[in-house]
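To keep things clear, I will list the structure first and then write my remarks on it.
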Amino acid sequence: MPRKSNVLRHSALSVARNSRPILTSAEKRCLLLAPLAVRTTGCAVCTSGVAGVSRCDIRVTAEEFERLKQARSRLLRKLEDARAATSTAIAREQRLMKQLALVDQRAGEAIAVEERDIEELEAREAQEAAAAQVAPGTSLSLPVPPGSLALSPFTWSAMDGLDDGFWDSVGLTAPAVVGSGDTSGLGSSS
């Protein structure tokens with residue numbers, strides 16, 4: 059005849075097959091301390107055959123199985139949402155990378171144009187500097203035709219900021235404009 063504790067346990071478990079099972083203290087300890095071995099309907103401690111430990115009989119009820127199925131479907135939905143978000147993020151990243159490459163290309167083109175303009179300007183300046191160099195013994199001054207700078211003292215005074223009476227106080231007469239027929243030039247007033 060089976061022991062009384064086993065009979066009570068098996069009868070309690072058979073009554074509660076589709077509801078929450080009633081667990082003995084050993085079974086509760088197994089649930090708290092050891093992971094469930096699903097194929098043997100017991101915990102890892104009980105199935106390992108440790109001496110002095112009674113075997114537990116843990117069965118998953120229909121309610122618990124439904125909760126597991128719901129949790130699985132909920133996790134699958136979250137996984138799909140995460141994958142969709144990941145693909146969206148990857149697409150956005152690729153789009154931003156293309157935009158960055160385009161901006162970098164435009165910046166490179168702008169720099170190349172600026173460098174080309176600077177090189178052309180430097181080449182022109184070098185040509186102008188080479189053209190401006192004068193052979194030794196030659197003058198950089200422009201040829202001035204004779205008499206073209208012969209101005210009256212009044213004109214020179216106006217340019218220098220002198221008053222018109224300056225030349226009279228010095229005792230000089232105003233020079234004649236070249237080409238006017240007057241050849242007296244500068245002289246003293248008599």
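To get the working numbering, take the position in the sequence shown, counting from 1, and add 58.
Note that the Cβ used here is the ideal one computed from N, Cα and C, for glycine as well.
For a test of the three-state rule: what should DSSP assign to GLN191, helix, strand or coil?
coil
Near ARG174, which residues of its chain fall below 8 Å by C-beta distance, leaving aside the five closest residues on each side in sequence?
none
Look up THR119 in the DSSP assignment and say whether it is helix, strand or coil.
coil
Enumerate in chain order the residues of its own chain whose CB-to-CB distance from GLU183 is below 7 Å, with the five nearest sequence positions on each side excluded.
none
Please report the distance separating the alpha-carbon of LEU160 from that of LEU126.
51 Å
ASP162 to ALA168, Cα distance in whole Å?
10 Å
Span separating the alpha-carbon of MET155 from that of ARG164
14 Å
From ALA142 to LEU158, what does the alpha carbon distance come to, in whole angstroms?
24 Å
Local conformation of SER247 per DSSP, three classes:
Below a pLDDT of 50, predicted positions are generally treated as unreliable, and SER247, at 49, falls in that range; the measurement from the model is reported next regardless. Looking at SER247 - three-state DSSP - the assignment turns out to be coil, as it is neither helix nor strand.
Own chain partners of VAL171 with C-beta closer than 7 Å, once the 5 adjacent residues on each side are dropped:
none
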